[in-house]
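Report on one structure; see the data block that follows.
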Amino acid sequence: MILNNSPISQFEYKNHTFFVKRDDLLDKNFNGNKARKLAFYLKHDFQEIDTIISYGGNQSNLMYSLSCLAKLKNWQFIYYTRSLSKTVKNNKYSNLELSIKNGMQLIELDKEYSHFTSNLTTTPNQLVIHQGALQKEAECGIKQLAAEINTWAELNHLENINVFLPSGTGTTAFFLQKYLDKHQVITTNCVGSRNYLIEQMNSINYDNSKLPVVIDNKQYRFATPYKELLNLILKINKVSQIKFDLIYDPVGWRILLENLKIIKGTILYLHCGGLTGNYSMLQRYNYLKNKSATFKNLK
Ligand SMILES: *Cc1c(COP(=O)(O)O)cnc(C)c1O
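In this note's numbering, the protein residues as written are 211 to 509.
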């Protein structure tokens, strides 16, 4: 299976033109940057492998894509996460539920989670995919994404474009910048601090490449409901006629819009997919709608 050449759409907002690279449209099961990160595994045969081992958050978009990969390849998929609350377990249509339906074996770890996942040992039939696929195998598909962007810029005679995307591990932003040497990649930290994001990017920077620009997000904590962010993303969805994700994109758009003055030239926003994660995030918003005055009059 080869997934590439996603289209680019555009819309106007606040007197600016925003181009959007539609990696959300790559494929139903494999979309966004997770499809790019897993391209290496989709492209090649792995004779000796019969099991994927991974770990991370219990609503992770990568977890869901890995469950699709395992199903496609007829492999087992073992996923380690921290102990789950009842609400998380009962979440309908969430990445967790969909992944379990695909055959994922979930193993909950308590205090031993950090030690266990940083000391994973495997046998030759097992493939380890680290949290967020922060590893060199992700480079292959992201290099292809960069090639598509380079070609688009050339065909449209656009020089020095700005490619913006929100970051988790920074894997996508880092490898994109590596192959977009004539253009500027700009990102922001959605998980943890700006320094932590830079540290993670440096952990895969084995040939001393230039890092993307990281605009500091000091305000918004990961996967936390903020009324102003929900309102913003609903507005962007409406104006653009594109559906964005509710975890990374609201922070991404907020930081991008706040910094338009310092970003000169064409802006290409990378849609990183992840819409299956919207169900569980919307449930968090709905929960607050009944509980808290701030959220009461949410649409
Ligand atoms: C995973 C994900 C990201 C973050 O990707 P990184 O390469 O880990 O920085 C951003 N947006 C969406 C929708 C994602 O699913």
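Note that CB positions come from ideal geometry on N, CA and C, so glycine has one too. Only a predicted model underlies this, so the values are computations on that prediction, with no experimental measurement involved.
Asked, Found
"Cut-off 8 Å between Cβ atoms - residues of its own chain near residue 240, not counting five sequence neighbours on either side", "211, 213, 248, 252, 275, 278, 279"
"Neighbourhood of residue 301 by C-beta distance below 7 Å, restricted to the same chain and skipping five residues each side", "307, 490, 493"
"Residue 460, enclosing alpha helix (DSSP H) - first and last residue", "459-468"
"Identified DSSP bridge partners for residue 228", "221, 477"
"Residue 455, buried or exposed, once every other Cβ within 10 Å from all chains shown has been counted against 16", "buried"
"Buried/exposed call for residue 266, threshold 16 Cβ in 10 Å", "buried"
"Spatially closest choice to residue 272 from 497, 487, 495, by CA coordinates", "487"
"Contact under 8 Å by Cβ, residue 437 with residue 504", "yes"
"Which listed residue (292, 366, 457) has its alpha carbon closest to that of residue 322", "292"
"Close beta carbons around residue 221, own chain, < 8 Å, minus the five adjacent residues each side", "227, 228, 230, 449, 450, 451, 452"
"Residue 458: CB within 7 Å of a non-hydrogen atom of ligand 1", "yes"
"Assumed close pair residue 481, residue 234 - CB separation to whole angstroms, cut-off 8 Å", "5 Å"
"DSSP-derived helix/strand/coil call for residue 301", "coil"
"Range covered by the alpha helix (DSSP H) that runs through residue 292", "No alpha helix (DSSP H) holds residue 292; the beta strand (DSSP E) holding it covers 286-292."
"Ligand 1 heavy atom lying under 7 Å from the CB of residue 450", "no"
"Inter-stretch contact (C-beta, 8 Å, three-pair minimum) for the stretch 353-365 and the stretch 457-471", "no"
"Extent of the continuous beta strand (DSSP E) run through residue 261", "261-265"
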